[in-house]
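Worksheet: one structure, shown below.
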Amino acid sequence: MVLEVVDLAKYFGGIKALDGVSLEVKRGSIVGLIGPNGSGKTTLFNVVTGFYESTRGEVWFNGERIDGLNPNEIYLKGLVRTFQIPRLFHSLSVLENVLVTPPNQIGERPLNALFKKKWTDQEVNLAKQAVNILKMLGLAPYANVKVSDLSAAHIKLLETARGLMGGAKLLLLDEPTAGVAYTTAKELFDFIVELRDEKGLTFFIIEHRLEVLMDYVEYVYVLHNGKLLSEGRPEEVVEDRKVIEAYIGEG
Amino acid sequence: MTLGFDVLGFLISWITLFGTYAIISMSLNLEIGFTGMADFGKVAFYGIGAYLAATITAIIFLVVNGIKCPLHSVEAIVALKKCASKNPLLNIGTFVLCLFVTFFVTGGIGYLISYPTLRVGPAFLGITVLSFGELLRIFMRHFEPTGGTKGLAGIPHPLAWISNPRLRDGIYALVILAIMLLTYLVSERIANSPFGRIMRTVRDDEIASLCLGKHVPRIKASVFFLASGFAGIAGVLLAYYLGSVNPDMFVPAVTFNVWAMVIFGGMGNNKGAIVGSAVITFVDRISFVVNLLFPEAIISPDYIRWMIIGVLILVTLLFKPQGLVPESPMKSPALKIISDELEGDNGA
Amino acid sequence: MVGPTELLNTVWIGIIYMIIAIPLTLSYRVTRIINFVHINFITIGAYVGVILFLQGVNSLLLLLPASFLFGAAIAVLNHFIAFSPLEKRGANPVILMIASLGLWIFYKYMIYAILDLGQKVFRTNLFSVIPRATSLPSVSLGNYVLSGHFFAALLVAGVIITILYILLSKTAIGRAIRAVADNPILAEISGIPRERVVSITWALCGGMAAIGGLLWAVFAIATPEVGDALILQIFAVSVIGGLESLLWTGIGAFIISGAENILMSILNATLGVPVSFRPFISFSALLLIILAKPPLGAGGGLPYRFKVGLERFKR
């Protein structure tokens, strides 16, 4: 069990964004999180990753309790999340955006930064690894391009894969294919499966494009009004009456 | 008044002012240019540095010469003037000591002051430090041991033992340039390191930076330590140059002068800070001369100078937001290796 | 020690703080800009009153709208020459704040220049003036005289707050302002003309702050530094309101005013703290609030919680 959420709740004043959700994600799996708009999916991610403090409940990651920790501490444990609207660093290049992700770099401590010798070797190594990742993504030609000059599809790709170098064990992807063409979406998901197979990563993915998601995930959770409405294998969930009604209700 | 224009004197006074302000500008640039922290209280650390230098120097000289009297008293000033040039080693030693002590003390104070503001938005940092500076000034006006509103005077110049004043001032200007160069090298080294990289992530999107594992509050506090330390050093240089300090020298207007230099010169790079301070201190010196030549101007040139600064900030932001020297990408040693590697692939 | 004087001071100073701080909170909520020119609105309002007074306009009733108009005009001008163009170029809030800083410096010294010129040309002191415009008659209560201005201030405050309340809650433009303040994206989608709403908000806020400056001049004194002298307290008041709630901004005005007058009086009498240390009180209040209950929603905030040891699992 990589991620376990127990009776998680998050209230904003009178609004119950999450109202007692329990779920689990097994190691090496690709799990989906779906639900109509406003059902609490992003809130769940925000609480799990330490962005918000939970009102009630527990979050366990690799056997360790992580609720209440700060977002940076959770990242360092191997739980990485991406944002629906990509939050890349606009003044840095593509390469630097990837280079920023490995934790605890020697040169990141101000005192060490003064002495170039201390961090040059690590920097070069990390840079080589970063280039390899960019090659894998097909972004190598853009390594020195400023992120603000990239196309939307490339930005999405970079946002998704940036966390790879950070020693991530579980990746929480928030609508990775929003605004992306169908074929690109399929390529992205092929890439995700490849990562899972080769590196043993686990994925928990919020998606709205059910037609893409359903082909790739093994298990799906459905959220509605902050509560778990349904769960199961994609084929079962899609047939579930309650789920269909929830989605029609939002339309 | 004789019309002969003392070019050398003008140059020396300009370079002294420019070097000092360049150090403060670079420190502000570290904060706003690289890390996105809007600090409206630089003058506070400038002032603390100046007062530290004045106090420590006065105390050392009085103690060494066995004189016991309040630092700000007339006896002290007279005594200090008498023993200022007796022992060159004492002067220089005190100078160096003050630089070190001030760097760490002002840095430390900056680190502490930034603490309440590490989480809240940019406006709060600016106004908190601004208020801190003003409160400090009000406090110092009432603080008798350092002379209250009169402050301290007669501070022995590190080069007081050089009898030729022109030579003394000239060498001091060169010393300041050397320290400015050192500040530049340190700032450049920091900016082009992984720490510099994560400084920029805090500027671009501090929340994303936090979510990618960077300890954003600690980054901000470290930057504030360094920048406040540099500002303190500039204060030390000022105290020796003027030979006196008093609280009303350190008003918010000084901070805003520095802001104009950083914005006009170009945020996000150290060269820009230097260029900006060179230009604005030059204009400042020129207007000082103009003021002397036309003391009966219909509108005080001081006011006009400030109006120009305000317009300069606005116009720069509107039409050339990058400033005179736009920000250049980071120079990391890795990048060269990478371009080699990428080229190799393209060739293969 | 704490007598009727302190209480009366608390009231009229609190009223003025309220009149100046509420527009600061409102303009921030609608535009998300920390506007340093707010300082100038105060000074401008004061000096419009002074100049008209010196020309013979003696009635507070006439001075108030004049100050309001000038403050409103400058606020809207700023929007068109600075904030609007910068926003169109995608400037972030820090840049806008710095732009307002540049404007503040410009206006501040332009006011100095104008007053300096005026002093030389008209040979009167303009750097320290008290325009004792006539208003309501005063009332004597034993040893204390409640000046006519005191009642005038109460009246003005009452009228302004009432107008503002009605405007924001009952009128269409008020609803539009609130919509843009609470949810700018939704407001945009609903077809609310953001430009116009923002301009009107600036006019309202600039004018109101100017009225505050005028009242201060009438009650206390007009100097070119009057805005700068008050801004720390005003900001502390708005922070008590969390830069969000107009109600709490209003309440905060009296809290700060009370602390300044009553607390300061006590400290002065018992510990000999000099009166010029008054700003320490607002600053301490500001720091206290930032540490205890930081307005994270306002002005951006970091989702980082400083924790001590294992306190994180205490639930």
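Sequence order for the protein chains is Z, X and C. For the first sequence, numbering that gives the first Met the number 0 gives the first residue as 0, with consecutive numbering after it. For the second sequence, numbering that gives the first Met the number 0 gives the first residue as 0, with consecutive numbering after it. For the third sequence, numbering that gives the first Met the number 0 gives the first residue as 0, with consecutive numbering after it. Positions of the beta carbon are idealized from the N, C-alpha and C atoms, including for glycine.
Between the CA atoms of I14 (chain C) and I265 (chain C) - distance to the nearest angstrom: Translated into positions along the third sequence, residue 265 (chain C) becomes position 266. Translated into positions along the third sequence, residue 14 (chain C) becomes position 15. Between I265 (chain C) and I14 (chain C), the C-alpha separation is close to 22 Å.
When you check each C-beta in the stretch 63-81 of chain Z against every C-beta of chain C, which residues fall closer than 8 Å? R64, G67, L68, N69, P70, N71
In whole angstroms, what is the alpha-carbon distance linking H0 (chain Z) and I288 (chain C)? Within the first sequence, residue 0 (chain Z) is the residue found at index 1, counting from 1. Within the third sequence, residue 288 (chain C) is the residue found at index 289, counting from 1. First, the residue type needs correcting, since residue 0 (chain Z) is Met and not His in the sequence shown. Near 42 Å, if we compare the C-alpha coordinates of I288 (chain C) and M0 (chain Z).
Kindly identify the DSSP beta-bridge partner or partners of S38 (chain Z). Sequence index remark: in the first sequence, residue 38 (chain Z) carries index 39 (1-based). Answer is none; S38 (chain Z) lacks a bridge partner.
CA nearest to the CA of R277 (chain C), picked from C:M263, C:G271, C:L270, C:L286: Counting from 1 along the third sequence, the entry for residue 277 (chain C) is found at position 278. The candidate whose alpha carbon is nearest that of R277 (chain C) is C:M263.
Nonlocal neighbours in the same chain, by C-beta distance under 8 Å from L2 (chain X), ignoring five residues either side: Numbered from 1 along the second sequence, position 3 holds the residue referred to as residue 2 (chain X). Low per-residue confidence applies at L2 (chain X): pLDDT is 46, beneath 50, and the placement is therefore not dependable, though the value from the model is reported in the following sentence. Answer for L2 (chain X): no residue qualifies.
Could you check the C-alpha separation between I250 (chain C) and M17 (chain C) for me, to the nearest Å? The residue labelled residue 250 (chain C) in the question sits at position 251 within the third sequence. The residue labelled residue 17 (chain C) in the question sits at position 18 within the third sequence. About 8 Å.
Just reading off the beta strand (DSSP E) that Y10 (chain Z) is part of, what are its end residues? Walking along the first sequence from the start, residue 10 (chain Z) turns up at place 11. First-last of the beta strand (DSSP E) with Y10 (chain Z): 2-11.
Going by beta carbon distance, what residues of the same chain come within less than 8 Å of N185 (chain C), once the five residues before and after it are set aside? Counting from one through the third sequence, the residue named residue 185 (chain C) turns up at place 186. First, the residue type needs correcting, since residue 185 (chain C) is Leu and not Asn in the sequence shown. If we look at L185 (chain C) and ignore the five residues flanking it on each side, its Cβ neighbours are A178.
Does DSSP put D301 (chain X) in a helix, in a strand, or in coil? Counting from 1 along the second sequence, the entry for residue 301 (chain X) is found at position 302. In the structure shown, D301 (chain X) sits in a helix (DSSP, three-state: H, G or I).
Under 8 Å, CB to CB, which of the residues in the stretch 47-62 of chain Z have a partner in chain C? G49, F50, Y51, E52
Please check if any C-beta of chain C sits within less than 8 Å of the C-beta of E133 (chain X). Indexing the second sequence from 1 puts residue 133 (chain X) at position 134. Yes, contact with chain C.
Do you know offhand how far G346 (chain X)'s Cα is from G137 (chain Z)'s? Within the second sequence, the letter at position 347 stands for residue 346 (chain X). Within the first sequence, the letter at position 138 stands for residue 137 (chain Z). Note that G346 (chain X) has pLDDT 43, beneath the 50 cutoff, so the model's placement of it is unreliable and no number is given.
Determine whether the beta carbon atoms of Y46 (chain C) and V215 (chain X) lie at a separation below 8 Å. Working through the third sequence from its first residue, we reach residue 46 (chain C) at position 47. Working through the second sequence from its first residue, we reach residue 215 (chain X) at position 216. For Y46 (chain C) and V215 (chain X), no; Cβs fall outside 8 Å.
Straight-line Cα distance separating W305 (chain X) from I104 (chain C): As a working mapping, residue 104 (chain C) is identified with position 105 in the third sequence. As a working mapping, residue 305 (chain X) is identified with position 306 in the second sequence. Cα to Cα, I104 (chain C) sits roughly 7 Å from W305 (chain X).
Between V314 (chain X) and the rest of its own chain, which residues show a CB-CB distance below 6 Å, the 5 nearest in sequence each way excluded? Here residue 314 (chain X) corresponds to residue number 315 of the second sequence, with the count starting at 1. Here the set comprises nothing.
Taking C-beta pairs closer than 8 Å, name the residues in chain X that Q104 (chain Z) reaches, listed in chain order. Against the first sequence, residue 104 (chain Z) aligns to sequence position 105. In chain order: P193.
Is M25 (chain X) close to chain Z? Criterion is C-beta to C-beta, closer than 8 Å. Indexing the second sequence from 1 puts residue 25 (chain X) at position 26. No, because no Cβ of chain Z sits closer than 8 Å to the Cβ of M25 (chain X).
Can you check whether the CB of S237 (chain C) is closer than 8 Å to the CB of T42 (chain C)? Within the third sequence, the letter at position 43 stands for residue 42 (chain C). Within the third sequence, the letter at position 238 stands for residue 237 (chain C). In this structure, S237 (chain C) does not lie closer than 8 Å to T42 (chain C) by Cβ.
Beta-carbon of T148 (chain X) versus every beta-carbon of chain Z: anything under 8 Å? Taking the first residue of the second sequence as position 1, residue 148 (chain X) is located at position 149. Cβ-Cβ to chain Z under 8 Å: no for T148 (chain X).
H207 (chain Z) by DSSP, collapsed to three states: which one? Reading the first sequence from its first residue, position 208 is the one you call residue 207 (chain Z). If DSSP states are grouped into helix, strand and coil, H207 (chain Z) belongs with coil.
So, at 8 Å on beta carbons, what are the nonlocal neighbours of R199 (chain X) in its own chain, with the 5 sequence-adjacent residues on each side left out? Translated into positions along the second sequence, residue 199 (chain X) becomes position 200. Counting only Cβ-Cβ distances below 8 Å, and skipping sequence neighbours, we find F33, T34, M329.
Skipping 5 residues on each side, what residues in its chain have a beta carbon closer than 7 Å to that of V359 (chain X)? Because chain X here runs from 0 to 347, residue 359 (chain X) falls outside it and cannot be looked at.
Put L158 (chain X) into one of helix, strand or coil per three-state DSSP. For the purposes of this step, residue 158 (chain X) is identified with residue 159 of the second sequence, where counting begins at 1. It is coil, neither helix nor strand.
Provide the residue span of the beta strand (DSSP E) that contains D221 (chain C), from first to last. Counted from its first residue, the third sequence places residue 221 (chain C) at position 222. Checking the displayed sequence, the identity of residue 221 (chain C) turns out to be Ala instead of Asp. Run containing A221 (chain C): none; DSSP gives neither H nor E here.
Using only CA atoms, which one of C:L285, C:K292, C:F305 lies nearest to T127 (chain X)? Position 128 of the second sequence, counting from 1, holds the residue named residue 127 (chain X). Measuring from the Cα of T127 (chain X), the nearest candidate turns out to be C:L285.
Using a cut-off of 8 Å between C-beta atoms, extract the partners of A112 (chain Z) located in chain X. Within the first sequence, numbered from 1, the residue matching residue 112 (chain Z) stands at position 113. Near A112 (chain Z) (Cβ distances below 8 Å), the residues of chain X are R188, I189, S192, P193, F194, G195.
Residue from X:L151, X:K85, X:E30 with nearest C-alpha to L158 (chain X): On the second sequence, position 159 is the one that residue 158 (chain X) refers to. Nearest C-alpha to L158 (chain X): X:K85.
F11 (chain Z): which of Z:V123, Z:D120, Z:T42 sits nearest, CA to CA? Translated into positions along the first sequence, residue 11 (chain Z) becomes position 12. When each option's Cα is compared against that of F11 (chain Z), the closest is Z:T42.
Contacts that E174 (chain Z) makes with chain X (C-beta to C-beta distance below 9 Å): The count along the first sequence starts at 1 and reaches residue 174 (chain Z) at position 175. Contact note: E174 (chain Z) does not reach chain X at a C-beta cutoff of 9 Å; the least C-beta distance is about 16 Å.
Just the C-alpha distance for R195 (chain C) and S83 (chain C), rounded to the nearest angstrom, thanks. Numbered from 1 along the third sequence, position 196 holds the residue referred to as residue 195 (chain C). Numbered from 1 along the third sequence, position 84 holds the residue referred to as residue 83 (chain C). C-alpha separation (whole angstroms): 11 Å.
Spatial neighbours of P325 (chain X) within its chain, please: C-beta separation below 7 Å, excluding the five flanking residues on both sides. Taking the second sequence and counting its residues from 1, one reaches residue 325 (chain X) at position 326. Result list for P325 (chain X): G265, in chain order.
What span of residues does the beta strand (DSSP E) with L7 (chain X) cover, start to end? On the second sequence, residue 7 (chain X) is found 8 positions in, with the first residue counted as 1. No beta strand (DSSP E) contains L7 (chain X), which is instead part of the alpha helix (DSSP H) from 6-27.
Please determine if the stretch 220-231 of chain Z and the stretch 7-26 of chain Z are in contact, where contact requires at least 3 C-beta pairs separated by less than 8 Å. yes
Helix or strand or just coil, what does DSSP make of Y220 (chain Z)? As a first step, residue 220 (chain Z) is located in the first sequence; it is residue number 221 there, counting from the start. Of the three classes helix, strand and coil, the one that applies to Y220 (chain Z) here is strand, per DSSP.
State buried or exposed for N103 (chain Z), treating a residue as buried only when at least 16 other CB atoms are found within 10 Å of its CB. Here residue 103 (chain Z) refers to the residue found at position 104 of the first sequence. Label assigned to N103 (chain Z): exposed.
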